[in-house]
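Enquirer: One structure follows; several queries about it will come next.
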Amino acid sequence: MNVRWFKPYLKQDAIYPKEPPHTDLEVRDRLSEIIGIAGIDYDKKTYDVYWQDCDPEHASTIPMTYFDLLDAVHQNNLFENLKMIRDAQKYLTDPPTTNEVGSPPEGYTDRQ
């Protein structure tokens with residue numbers, strides 16, 4: 001194997017001092033540190049979630065039963081954030097027509 005171009009892996013401890021939990025006990029202890037929902041699998045009944053102070057590229061999967069242990073306010077905030085992200089993605093991939101948002105202001109031109 002040619003290792004000439006390998007570079008050392010530099011962990012960003014200063015920026016992301018924690019790692020996502022690895023065991024069920026860690027997950028239960030750190031439920032309050034969930035900061036976002038990355039995805040939902042209704043068939044397997046799991047959520048993919050982001051954790052506070054962890055690299056945002058590292059999501060982990062938790063069962064819905066664990067997520068249900070969160071207080072209702074925290075759950076609602078996470079779902080509202082997910083809804084806003086999905087709405088923004090939909091807007092970017094399928095922008096609304098002028099009928100949905102109204103006509104542009106009088107005198108507006110799209111010339112640059």
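Here full-length UniProt numbering is used: position 13 in the sequence shown is 13, and no number is missing along the way. Ideal Cβ placement from N, Cα and C applies to all residues, glycine included.
(1) To the nearest angstrom, how far is it from the Cα of residue 87 to the Cα of residue 4?
(2) Helix, strand or coil, according to DSSP, for residue 83 in the structure here?
(3) Between the alpha carbons of residue 7 and residue 73, how many angstroms are there, rounded?
(4) How long is the line joining the alpha carbons of residue 30 and residue 93, rounded to whole angstroms?
(5) Let me know the secondary structure DSSP gives residue 16 once reduced to three states.
(6) Would you list the one or two residues that DSSP bridges to residue 50?
(7) Beta carbon of residue 35, beta carbon of residue 50: below 8 angstroms?
(8) Which of helix, strand or coil does DSSP assign to residue 93?
Expert: This is what the structure gives:
(1) On the sequence shown, residue 87 is found 87 positions in, with the first residue counted as 1. On the sequence shown, residue 4 is found 4 positions in, with the first residue counted as 1. Each residue's Cα considered, the two are about 45 angstroms apart.
(2) In the sequence shown, the residue the question calls residue 83 occupies position 83. DSSP places residue 83 in helix when its eight states are reduced to three.
(3) On the sequence shown, residue 7 is found 7 positions in, with the first residue counted as 1. On the sequence shown, residue 73 is found 73 positions in, with the first residue counted as 1. One C-alpha to the other measures close to 44 angstroms.
(4) Counting from one through the sequence shown, the residue named residue 30 turns up at place 30. Counting from one through the sequence shown, the residue named residue 93 turns up at place 93. Approximately 35 angstroms, taken between the alpha carbons.
(5) By 1-based counting over the sequence shown, the position of residue 16 is 16. In the structure shown, residue 16 sits in coil (DSSP, three-state: anything other than H, G, I, E or B).
(6) By 1-based counting over the sequence shown, the position of residue 50 is 50. The partner list for residue 50 (beta bridge, DSSP) reads 36.
(7) Here residue 35 refers to the residue found at position 35 of the sequence shown. Here residue 50 refers to the residue found at position 50 of the sequence shown. Yes, these two residues count as a Cβ contact at 8 angstroms.
(8) To locate residue 93, count along the sequence shown from 1; it is residue 93. Helix, per DSSP.
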